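Below you'll find the structure, written out as structure tokens, and then a few comments.
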Amino acid sequence: MNLEVQAKNIIENAFELKKEERLLILSELFEDINDVNDKDKVRWQELNKFTENLYVELKKLHKNTYLLEYPSTKGHGKEPDLKVWEFVFGEDFISYLNSHGLSEKLLTKSLTVEDKGLIGKFVFSRKANFDVIMAITNFSTSHTFFRKLFTEIAGGRYASMPLFDPEMFNTSMTADINELSDFTTNLADYLDNFVGFQILSDNGTNIYISKEDRNVIPDTGKLNKPGSFSNLPAGEAFFAPVEGKSHGTLILEYAPTRKLDSSIKITVENGIIKEISGNEPYVDEMLEKINRHPNNKFVAELGFGTNNKAIMLDNILESEKIYGTIHIAFGDNHAFGGKNQAPFHEDYLVLYPEVYGIDKSGNKTLILKDRSYMLKF
């Protein structure tokens, strides 16, 4: 892996950065967190070192590049530290939050619709301090109000790269961005024809996910337009399921960063996790996460992988992009079309799904089987 070449590719192909544009790299500081195992500690430290090295190379090529390190959020989908908000939106923004009693509500994801409207108007009336953000963090910022505000209101471009592994430059990041974008966009358009999806797998998964009129969003890796948002690596078509209408059984064989020793059974009723069972130690970890907040139990996302270069199974940033797979998430989805606001969002892979799309008349169409999409555009 040549980091200089990769930095050039990010600047020229992913973002198409203009000379005057300002690029911010976000890095999450490692702390002594009791529930982090030794393997994850090493991985996190390596991620921070990689981010520092990438920043150096990006700075050489694009002088308006900046790095901000901030305390860990300690969870996917949690809002970043106020230090980040101030750096991006300015001191006046923080003063505005404090004067309106919104700081704590923002960080705990308890803002009302009215609160969000007030904050949105304030940001819209000003310009953010940066044009582009690369969030190379351990915990995801994708499904946060911070990201939503930066892209949808401030018009910035945002690359979310949680759990990034430099090896991805040799796998999923080698996908042809134009082919990936075209296929993913066409798939998203096709999936919009259905109101729900039945997902089966030989591992025992049998779950219905309701879509109704929710839009399917293509994650393409193209970040050259104002307001664009994507993972890097990219490659999925995803949506926020309609609240209260998904049901069935999901069998997990993978946690976000490892293969499970034995499978876990998740029972979903009325769009909410009702039971998690199994002899795998990850059961306790998952229960602890979803029980922190009642909204953590909501079905939050269904995504379809579209990246034919993605192969890693022990890193959800890449595994959820593997062509012909699906993933289901729980927790927050308010930032991409859902109504559930939660300080948590975590995705879980189904490696060999059989997926049927269900239209308004109740007709079923086979969409995906044996890691192949059964359709032509």
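In my numbering, the protein residues as written are 111 to 487.
Note that beta-carbon positions come from the ideal geometry of N, C-alpha and C, so glycine has one too.
Here the structure is a predicted model, which is why all the values come from computation and not from measurement.
Please report the distance separating the alpha-carbon of PHE349 from that of MET484. In the sequence shown, the residue the question calls residue 349 occupies position 239. In the sequence shown, the residue the question calls residue 484 occupies position 374. When rounded, the distance between both Cα atoms is 20 angstroms.
Are there three or more Cβ pairs, one per stretch, closer than 8 angstroms when the segment 439-457 is compared with the segment 397-412? yes
Residue ranges of each beta strand (DSSP E) run of no fewer than 3 residues wholly in the segment 431-486, ordered along the chain? 436-441, 455-460, 464-468 and 474-479
Cβ-Cβ separation, PRO272 to SER250 (assumed contact under 8 angstroms), whole Å: Taking the first residue of the sequence shown as 1, we reach residue 250 at position 140. Taking the first residue of the sequence shown as 1, we reach residue 272 at position 162. About 4 angstroms separates the two Cβ atoms, so the contact holds.
Which residues in the same chain as PHE304 place their Cβ atom closer than 7 angstroms to its Cβ, once the five residues preceding and following it in sequence are excluded? The count along the sequence shown starts at 1 and reaches residue 304 at position 194. Excluding positions up to five away in sequence, the list reads LYS321, GLY467, ILE468 and ASP469.
What is the rounded straight-line gap between the Cα of LEU397 and the Cα of LYS170? Numbered from its first residue, the sequence shown carries residue 397 at position 287. Numbered from its first residue, the sequence shown carries residue 170 at position 60. Using only the alpha carbons, I get a separation of about 45 angstroms.
Measuring alpha carbon to alpha carbon, tell me which of PHE125, GLY265, THR247 and THR175 ends up nearest THR183. By 1-based counting over the sequence shown, the position of residue 183 is 73. Out of PHE125, GLY265, THR247 and THR175, THR247 has the C-alpha closest to the C-alpha of THR183.
Report yes if the C-beta distance between VAL378 and GLY358 is below 8 angstroms; otherwise report no. Here residue 378 corresponds to residue number 268 of the sequence shown, with the count starting at 1. Here residue 358 corresponds to residue number 248 of the sequence shown, with the count starting at 1. In this structure, GLY358 lies closer than 8 angstroms to VAL378 by Cβ.
Determine the DSSP secondary structure at ARG257, reduced to helix, strand or coil. As a working note, residue 257 is residue 147 in the sequence shown. In the structure shown, ARG257 sits in a helix (DSSP, three-state: H, G or I).
Can you check DSSP and say which residues form a bridge with ASN417? One-based indexing of the sequence shown puts residue 417 at position 307. Per DSSP, ILE432.
Give me the residue from GLU189, LEU412 and THR435 with the minimum Cα distance to LEU423. The residue given as residue 423 occupies position 313 in the sequence shown. Minimum Cα distance to LEU423 is reached at THR435.
For PRO328 and ALA298, what's the separation of their Cα atoms in angstroms? Counted from its first residue, the sequence shown places residue 328 at position 218. Counted from its first residue, the sequence shown places residue 298 at position 188. Cα-Cα distance, rounded: 6 angstroms.
What do you get for GLY227, buried or exposed, if any count of 16 or more other CB atoms within 10 angstroms of its CB means buried? As a working mapping, residue 227 is identified with position 117 in the sequence shown. By the 10 Å Cβ count, GLY227 comes out exposed.
C-beta contact flag for GLY266 and ILE243 at 8 angstroms: Taking the first residue of the sequence shown as 1, we reach residue 266 at position 156. Taking the first residue of the sequence shown as 1, we reach residue 243 at position 133. It is a contact, given that the beta carbons lie within the stated cut-off.
Would you say the segment 327-342 touches the segment 288-302, given that touching needs at least three Cβ pairs under 8 angstroms? yes
Beta-carbon separation of LEU207 and LEU221 under 8 angstroms? Position 97 of the sequence shown, counted from the start, is the residue given in the question as residue 207. Position 111 of the sequence shown, counted from the start, is the residue given in the question as residue 221. No. Outside cutoff.
Roughly how many angstroms lie between the CA atoms of VAL223 and ALA245, to the nearest whole one? Along the sequence shown, read from residue 1 onward, the residue named residue 223 stands at position 113. Along the sequence shown, read from residue 1 onward, the residue named residue 245 stands at position 135. Roughly 26 angstroms between the two C-alpha positions.
How big is the Cα-Cα spacing for THR367 and GLU262? Here residue 367 corresponds to residue number 257 of the sequence shown, with the count starting at 1. Here residue 262 corresponds to residue number 152 of the sequence shown, with the count starting at 1. THR367 and GLU262: Cα-Cα distance of roughly 30 angstroms.
Inter-residue spacing [alpha-carbon to alpha-carbon] between VAL194 and ASP241: Mapped onto the sequence shown, residue 194 falls at position 84. Mapped onto the sequence shown, residue 241 falls at position 131. In a straight line, the C-alpha of VAL194 is about 15 angstroms away from that of ASP241.
Nearest residue (CA-CA) to GLY185, options GLU390, ILE400 and PRO351: Within the sequence shown, numbered from 1, the residue matching residue 185 stands at position 75. When only C-alpha atoms are compared, the closest one is ILE400.
My assumption, with CB atoms under 8 angstroms, is that LEU342 sits in contact with ALA124. Please give the rounded CB distance. If you number the sequence shown from 1, residue 342 lands on position 232. If you number the sequence shown from 1, residue 124 lands on position 14. Yes, they are in contact, since the Cβ atoms of LEU342 and ALA124 sit about 7 angstroms apart, within 8 angstroms.
Span of the alpha helix (DSSP H) holding ARG153? Translated into positions along the sequence shown, residue 153 becomes position 43. That run of the alpha helix (DSSP H) goes 148-171.
Starting from the Cα of LEU178, find the closest Cα among ARG324, ASP150, ILE383 and LEU133 and give me that residue. Translated into positions along the sequence shown, residue 178 becomes position 68. It is LEU133 whose Cα lies nearest to the Cα of LEU178.
Alpha-carbon spacing of LYS159 relative to VAL152, whole angstroms: Here residue 159 corresponds to residue number 49 of the sequence shown, with the count starting at 1. Here residue 152 corresponds to residue number 42 of the sequence shown, with the count starting at 1. So the two alpha carbons sit approximately 11 angstroms from each other.
Return the Cβ separation of TYR433 and ASN450 in integer angstroms, given the expectation that the two are a contact with Cβ distance under 8 angstroms. As a first step, residue 433 must be located in the sequence shown, where it is residue number 323. As a first step, residue 450 must be located in the sequence shown, where it is residue number 340. Contact flag wrong, Cβ pair sits at about 28 angstroms.
Buried or exposed: which applies to ARG257, given that a residue is buried once 16 or more other Cβ atoms fall within 10 Å of its Cβ? Taking the first residue of the sequence shown as position 1, residue 257 is located at position 147. It counts as buried.
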